[in-house]
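Colleague: For the first sequence, position 632 matches number 616 in our numbering, and the numbering has no gaps at all. C-beta atoms are modelled at their ideal positions from N, C-alpha and C, and glycine is treated no differently.
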Amino acid sequence: MTLYADVVLPLPLDRPYTYSVPVELEGRAAVGSRVLVPLGERRLTGFVVGLRKKKPRISLKLKPVAEVLDEKPFFTPELLAFTRRLSRSSFTPWGEILRAAVPPSLLLRTRASVSLTPKGKEALEQGTLSDEERRVADLLEPRPHSPLYLERKVQAKNLPALLARMRKKELVIVEKKLKLVSRRERDELSAGPTQLELDFSLDEGLRKAARAILEVMAKKAFSPFLLFGPAGRREAVYFHLIREAAARSGRVLYLVPEISLTPALIEKYKRKLGDGLAILHSRMTDRQRELEWQKIKERRAAVVIGPRSALFAPLPDLRLVILDEEQDETYSQQEGLPFDVRKAARIRAEEEKAALVQGSAAPTVESFYSARKGRFLIDLGRETATAKVLLLDFRRASGLVDPRLKRAIQDRLEKREQVILFFNRRGYASHLVCGRCGHVPRCDRCDLSLAYHKKEGKLVCHACRRSVPAVLNCPRCKGRLVVRMSAGIEAVAEELRTSFLGCRVEVFAADEAARKEKKDALLRGFERKEIDILVGTQSLARQPGLPPVTLAGVLHPEMILHLADFRSGQKAFLLIRSAFHFLREGETSEVHIQTSAPDHYSIREAARGDYLGFFEQEIRFRRLLDYPPFSFLAEVFFSGENARHVAATARMFVTRVKDSGKDVQVFGPSVASMARKRGLFRVQVNLKTRRLETLNGVLSPSLKGIRSEKSVFLFP
DNA sequence: AGCACGCCGACT
DNA sequence: GTCGGCGTGCTC
-15 MTLYADVVLP LPLDRPYTYS VPVELEGRAA VGSRVLVPLG ERRLTGFVVG
35 LRKKKPRISL KLKPVAEVLD EKPFFTPELL AFTRRLSRSS FTPWGEILRA
85 AVPPSLLLRT RASVSLTPKG KEALEQGTLS DEERRVADLL EPRPHSPLYL
135 ERKVQAKNLP ALLARMRKKE LVIVEKKLKL VSRRERDELS AGPTQLELDF
185 SLDEGLRKAA RAILEVMAKK AFSPFLLFGP AGRREAVYFH LIREAAARSG
235 RVLYLVPEIS LTPALIEKYK RKLGDGLAIL HSRMTDRQRE LEWQKIKERR
285 AAVVIGPRSA LFAPLPDLRL VILDEEQDET YSQQEGLPFD VRKAARIRAE
335 EEKAALVQGS AAPTVESFYS ARKGRFLIDL GRETATAKVL LLDFRRASGL
385 VDPRLKRAIQ DRLEKREQVI LFFNRRGYAS HLVCGRCGHV PRCDRCDLSL
435 AYHKKEGKLV CHACRRSVPA VLNCPRCKGR LVVRMSAGIE AVAEELRTSF
485 LGCRVEVFAA DEAARKEKKD ALLRGFERKE IDILVGTQSL ARQPGLPPVT
535 LAGVLHPEMI LHLADFRSGQ KAFLLIRSAF HFLREGETSE VHIQTSAPDH
585 YSIREAARGD YLGFFEQEIR FRRLLDYPPF SFLAEVFFSG ENARHVAATA
635 RMFVTRVKDS GKDVQVFGPS VASMARKRGL FRVQVNLKTR RLETLNGVLS
685 PSLKGIRSEK SVFLFP
């Protein structure tokens, strides 16, 4: 009786393919194995997700598995189940999730290689080739290349077709060669018990907080927790839990935002955790990643620290998943596969029957709400605030920077201290507007109004970063374009330079910092005290390793409140709180918040450092307007290069949702506010319901068969 | 993802 | 008339 294997391939396919298992491989093929299988002309690595004796009903003659690549299953059943559920919940094919989970070097596959035939060589010498053919032949004359390489090098519009023609004429041959795994000798490292040298003191309060979590870990059951409190105390609890887990040979996955994984932090963790620590992050080379994987699989790591990608760490016997800085926005809106790290961490913990410990000093409102309701909130207390906070009511002030803030800056400058100011708008003035017809120049790709950068005399699209020289006259009516004054960081910098002559002021924005050298130069300059005042957008707030200052200013955080986003209150709160992270410890440090909405609770409570105060009012607002967590919201994004195509897809999706007859409110489609990548059109559709089941019931069928790039984010 | 097939406009 | 653009569909 033949054995059949259901294999998930690392491609955007919606179901596994079935292969027969040759008798000689039967003993080695297991659920979770990597296998090399034929697909069309290619051979590639797939993952066995099921084995069965019965032949499936498809009438195809099944191809055999070519090779089993592992002695022991590559994925544990838990990890496999996790990726399957993640695939379902993120509407991403399982194979794509698996591909993202694995170091690329572990996915062998055939690679096409194009080489010139003797006949082709002859034709090249005799000059009987067409222009395009000759360019290809020139490249192939010294040695074969991959079609991809040719694609990059040859300026041909349709290279595959060109190659097909050349192949027909026998000018070239295309071979599929298997990229071999470099069977390096295994680094013979002792796989003995991992030694963690952990000795952390934990006061009685924290010890008590950790006890509930330890109980769950001992039972090997899933249970969520939210550690609410300052970073230092959270970390103390984490390390206590890690030590306890290690003592029972349990393993820990420790997720942090990408940004906070700085070399300094990695060093700190290494000091604390020693050899038993594995690190996974995006800047590693394939080889490094592979080595860390090996280490984790071979049980030589007790703790894995990393962002997003560490979610897939192949830890055996996982007892604890830590998700620190739970509120961090990059957990949901990062590049790559469209899933929310918070949701994914929960699924992983559920499948592994591990404890899930989320930590934050200012959790997302949804998370805090459910933690309190579900009684898994652990309050670690507040930090005693040392900094002085001033809320500057800007409604009657003039200029860009409040006179009171200016006096404070003056004071700091005299003491030779540095200042950081945050202002969440780039450039000089936001846009140009025609004085006659009211036309505003917009980006023809993103449809956003173009920002006017006075210094460079350019109009810049803040979504796709394209810029065009600023023009003086309206392209429509030839009327004169005037600057609509709404200042950005450049204007602020200019005002400060005027006010404080000889003062060194620099601006820091994501586009400004696009060139890494420039970004580094700015940061180093600030470190060396060559810059007195740094004015930056939100991207500066995400910059690790700046030297602490004694005065930080936040200008107009209320601008965030105008965003069409139900989380804007939380975002404003977090922006203000992020300024506090740049302060030097001590009573002389100050934060000034200059705002025209000093009475808004997000701003007032952020100034007071009162998360609970903020939460109570925000949750009231959410309930009033029926936003998450009191309703269920799906934000669906469609993107692609072809605007018409993207729009048509979105419209079809909306039609399907409306035709479903389900009780769902539909908002959109509308142009998404920010393009993630250059030149990609993004269209957004929001759905709102009272019941989660309704949302799930309508999303899958409505997205069925939509192959263009899409992402779905669910709230809460 | 690759890759083949098959259908319409512009040029050897 | 062919070339060559790209939308559509298939791969166990």
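Quick check: the stretch 237 to 254 against the stretch 269 to 277, are at least 3 beta-carbon pairs closer than 8 Å?
Modeller: no
Colleague: Which residues does DSSP pair with Pro22 in a beta bridge?
Modeller: Answer is Arg27.
Colleague: Where do the ends of the alpha helix (DSSP H) carrying Phe598 lie?
Modeller: Tyr595 to Leu608
Colleague: How many Å lie between Val221 and Pro241 at the Cα?
Modeller: 18 Å
Colleague: Starting from Val325, trace the alpha helix (DSSP H) both ways and give me its first and last residue.
Modeller: Counting along the chain, the alpha helix (DSSP H) containing Val325 begins and ends at Val325 to Glu336.
Colleague: Would you kindly work out how many angstroms separate the C-alpha atoms of Gln394 and Ala338, rounded to a whole number?
Modeller: 54 Å
Colleague: Could you tell me which residues DSSP pairs with Phe(-11) in its beta bridges?
Modeller: Inspection of the sequence shows that residue -11 is occupied by Ala rather than by Phe. Paired residues: Tyr3 and Leu35.
Colleague: Please determine whether the Cβ atom of Cys458 lies at a distance below 8 Å from any heavy atom of the ligand PLP.
Modeller: The ligand PLP is not part of this structure, which contains no ligands at all.
Colleague: Could you tell me which whole beta strand (DSSP E) segments of length 3 or greater appear in the stretch 247 to 285?
Modeller: 261 to 263
Colleague: Please check the pair Arg218 and Gly343, which I expect to be a contact at CB under 8 Å, by giving their CB distance rounded to whole angstroms.
Modeller: 4 Å
Colleague: Assign Tyr238 to one of three DSSP states: helix, strand, or coil.
Modeller: strand
Colleague: State the Cα-Cα distance for the pair Glu109 and Ala96, rounded to the nearest angstrom.
Modeller: 25 Å
Colleague: Along the chain, where does the beta strand (DSSP E) that runs through Gly343 open and close?
Modeller: Ala339 to Ser344
Colleague: Count the other CB atoms, across all protein chains shown, that sit within 10 Å of the CB of Asn408; report buried if there are 16 or more and exposed otherwise.
Modeller: buried
Colleague: Would you mind sorting Glu188 into buried or exposed? The rule is 16 or more other CB atoms within 10 Å of its CB.
Modeller: exposed
Colleague: From what residue to what residue does the beta strand (DSSP E) around Ile404 run?
Modeller: Val403 to Phe407
Colleague: With a threshold of 16 other CB atoms inside 10 Å of the CB of Thr706, please say whether the residue is buried or exposed.
Modeller: Outside the shown range of the chain, which is -15 to 700, sits residue 706, and nothing can be said about it.
Colleague: Measuring straight from C-alpha to C-alpha, what distance separates Leu364 and Ser354?
Modeller: 17 Å
Colleague: Under a Cβ-count criterion, where at least 16 other Cβ atoms within 10 Å of its own Cβ denotes burial, should Gly593 be classed as buried or exposed?
Modeller: It counts as buried.
Colleague: May I ask you to report which of helix, strand or coil DSSP gives Ala618?
Modeller: strand
Colleague: Would Glu574 and Leu617 qualify as a contact pair, given that the criterion is a beta-carbon distance under 9 Å?
Modeller: no
Colleague: Count the C-beta pairs between the stretch 86 to 101 and the stretch 123 to 130 that are closer than 8 Å, then say yes if the count reaches three, no if not.
Modeller: yes
Colleague: In angstroms with no decimal places, state the Cα-to-Cα distance between Asn626 and Val667.
Modeller: 11 Å
Colleague: Since Gln649 sits in a beta bridge, which residues does DSSP pair it with?
Modeller: Looking at the DSSP output, Gln649 bridges to Lys672.
Colleague: Mapping DSSP to helix, strand and coil, what is Lys565?
Modeller: Residue 565 is actually His in this sequence, not Lys. If DSSP states are grouped into helix, strand and coil, His565 belongs with coil.
Colleague: Since Asn585 contacts Gln601 with CB under 8 Å, what's their CB separation in whole angstroms?
Modeller: In the sequence under discussion, the amino acid at residue 585 is Tyr, which differs from the Asn named in the question. The pair is a contact, with the Cβ atoms about 4 Å apart (cut-off 8 Å).
Colleague: Flag this pair as yes or no: are the beta carbons of Lys256 and Phe296 separated by less than 9 Å?
Modeller: No Cβ-Cβ contact shorter than 9 Å links Lys256 with Phe296.
Colleague: Can you name, in chain order, every residue of its own chain whose Cβ lies under 8 Å from the Cβ of Leu9, other than the five neighbours on each side?
Modeller: Val49, Glu51 and Val52
Colleague: Starting from the Cα of Leu559, find the closest Cα among Gly537, Lys47 and Ala548 and give me that residue.
Modeller: Gly537
Colleague: Among Ile404, Glu401, Val455 and Glu440, which has the Cα closest to the Cα of Val417?
Modeller: The candidate whose alpha carbon is nearest that of Val417 is Val455.
Colleague: Going by beta carbon distance, what residues of the same chain come within less than 8 Å of Cys487, once the five residues before and after it are set aside?
Modeller: Leu397, Leu480, Arg481, Asp516 and Ile517
Colleague: Looking at the unbroken beta strand (DSSP E) that takes in Tyr436, where does it start and where does it end?
Modeller: Ala435 to His437 is the extent of the beta strand (DSSP E) around Tyr436.
Colleague: Between Arg170 and the rest of its own chain, which residues show a CB-CB distance below 7 Å, the 5 nearest in sequence each way excluded?
Modeller: With a pLDDT of 39 at Arg170, under the threshold of 50, the predicted position of this residue should be treated as unreliable, and no value is reported.
Colleague: Within 10 angstroms of the Cβ of Met(-15), are there 16 or more other Cβ atoms? Answer buried if so, exposed if not.
Modeller: exposed
Colleague: Just the Cα atoms here: how many angstroms apart are Gly652 and Tyr595?
Modeller: Approximately 33 Å, taken between the alpha carbons.
Colleague: Measure from the alpha carbon of Ser293 to the alpha carbon of each residue in Leu186, Leu687, Asp324 and Gln402, then state which is nearest.
Modeller: Nearest option by C-alpha distance: Asp324.
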